[in-house]
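Below: the structure, in structure tokens.
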Amino acid sequence: MGAPITVGVDGFAESPPAAHWAAREALLRDLRLRLIHAWNPPSPPAPALPHEDDQSYWSQRLLTDLVGELRDTHPGLRVSAELVPRETVPALLDAARDAEMLVLGSRGRGTPGGFLLGSTGRQILAHGVHPVIMVHADDKPLTADVAVGVSLRRPNEEALRFAFDAAARRGGVLRAVHAGTNGPGDEAAAGDEEEPGAEGALDAALRPWRERYPGVPVAEAFTAERPALGVVHTAPGSGLLVLGRDETEPGPVPHLGSVIHAAVHHAPCPVAVVPRG
Numbered sequence: 001m002g003a004p005i006t007v008g009v010d011g012f013a014e015s016p017p018a019a020h021w022a023a024r025e026a027l028l029r030d031l032r033l034r035l036i037h038a039w040n041p042p043s044p045p046a047p048a049l050p051h052e053d054d055q056s057y058w059s060q061r062l063l064t065d066l067v068g069e070l071r072d073t074h075p076g077l078r079v080s081a082e083l084v085p086r087e088t089v090p091a092l093l094d095a096a097r098d099a100e101m102l103v104l105g106s107r108g109r110g111t112p113g114g115f116l117l118g119s120t121g122r123q124i125l126a127h128g129v130h131p132v133i134m135v136h137a138d139d140k141p142l143t144a145d146v147a148v149g150v151s152l153r154r155p156n157e158e159a160l161r162f163a164f165d166a167a168a169r170r171g172g173v174l175r176a177v178h179a180g181t182n183g184p185g186d187e188a189a190a191g192d193e194e195e196p197g198a199e200g201a202l203d204a205a206l207r208p209w210r211e212r213y214p215g216v217p218v219a220e221a222f223t224a225e226r227p228a229l230g231v232v233h234t235a236p237g238s239g240l241l242v243l244g245r246d247e248t249e250p251g252p253v254p255h256l257g258s259v260i261h262a263a264v265h266h267a268p269c270p271v272a273v274v275p276r277g
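Read left to right, the sequence shown gives residues 1 to 277 (the UniProt record's numbering).
Here's what the structure looks like:
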């Protein structure tokens with residue numbers, strides 16, 4: 001039995017769309033779906049409270065209701081739910097270690113100067129050991145196509161594998177995007193400024209994966225825009241955008257790079273962030 005797809009659930013409006021996206025993915029991959037809701041119990045334990053005032057009761061109710069909704073909407077789905085009495089970030093990171101991927105609801109979209117990625121999402125994206133998928137409540141209807149940002153300087157093989165596999169499962173086109181000039185932190189998602197030979201370098205990066213997935217149509221795209229803009233601007237029309245992530249240096253505020261940061265907030269589709277192996 002394969003590892004489950006895990007979804008971090010909270011009481012916000014973004015959780016159900018993320019759970020439904022994960023349910024479709026679990027059925028596509030024939031995997032189990034696991035819902036996790038983490039919360040900090042009071043210490044020392046609070047006295048017994050009526051249901052309407054008991055956080056544990058409402059947390060369990062949240063999971064129970066969502067499980068029922070998912071089963072009704074996605075026949076055949078194998079789904080379980082778990083209430084974890086721990087801080088959110090360590091609970092989700094631990095759950096992600098045993099998962100095929102971790103799916104989170106993203107809090108919405110901001111303006112270019114007003115990014116909304118909170119500390120929880122930032123920590124999970126920076127330190128997850130498996131792919132982390134961010135889903136907005138208002139993501140556009142799904143299509144089968146998959147877009148992937150490719151660095152020519154140092155291609156992320158794990159991101160390419162994930163992207164080709166996703167396109168193969170969906171029966172869609174894979175759009176490989178190389179954008180603009182690298183800046184600090186952008187290497188994992190996009191490549192160098194387009195130069196003579198860039199097209200050949202992109203073809204070389206994709207060739208092993210084309211051979212492994214001969215049934216996946218591939219469209220190569222170059223743009224002179226900066227990576228953060230170029231990758232986001234090529235995402236419309238795709239059902240998933242895949243970006244690679246290099247190892248994140250430890251620190252209180254992880255640096256994800258401008259490409260991932262922009263994509264999580266502005267791409268019109270779910271974004272998969274795949275760590276380099």
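Backbone N, C-alpha and C fix where the C-beta goes; we use that ideal spot for every residue, glycine too.
Does the distance from the CB of leucine 173 to the CB of valine 216 come in under 9 angstroms? Before going further, note that residue 173 is valine rather than leucine in the sequence given. Cβ atoms of valine 173 and valine 216: closer than 9 angstroms.
Taking 9 angstroms as the cut-off, decide whether the C-beta atoms of leucine 160 and valine 177 are in contact. Taking 9 angstroms as the Cβ cut-off, leucine 160 and valine 177 do not qualify as a contacting pair.
Less than 9 angstroms between the beta carbons of asparagine 40 and arginine 86, yes or no? yes
Output the residue ranges of the beta strand (DSSP E) runs that lie fully inside the segment 115–178 and measure 3 residues or longer, sorted by chain position. 132–136, 146–149
6 angstroms CB neighbourhood of serine 15 in its chain, flanking five on each side removed: Val9, Gly105
For aspartate 30, which residues in the same chain have their Cβ closer than 8 angstroms to its Cβ, ignoring the five residues on either side in sequence? Gly2
DSSP state of arginine 24, grouped into three classes? helix
Give a yes or no on whether the C-beta atoms belonging to leucine 241 and valine 132 are separated by under 9 angstroms. In this structure, leucine 241 lies away from valine 132, with their beta-carbon atoms at least 9 angstroms apart.
Mapping the DSSP letters down to three states, classify histidine 37 as helix, strand or coil. strand
Could you round the C-beta distance between histidine 233 and glutamate 220 to whole angstroms and report it? I think they count as a contact, below 8 angstroms. About 16 angstroms separates the two Cβ atoms, so there is no contact after all.
Given a threshold of 16 other Cβ atoms within 10 Å of its Cβ, counted over all protein chains shown, does alanine 26 qualify as buried or as exposed? buried
Could you tell me the alpha carbon to alpha carbon distance between alanine 23 and leucine 33, rounded to whole angstroms? 6 angstroms
Need the endpoints of the beta strand (DSSP E) that glycine 11 sits in, please. Careful: glycine 11 lies outside any beta strand (DSSP E) and carries neither H nor E.
What's the C-alpha gap between leucine 62 and leucine 35? 11 angstroms
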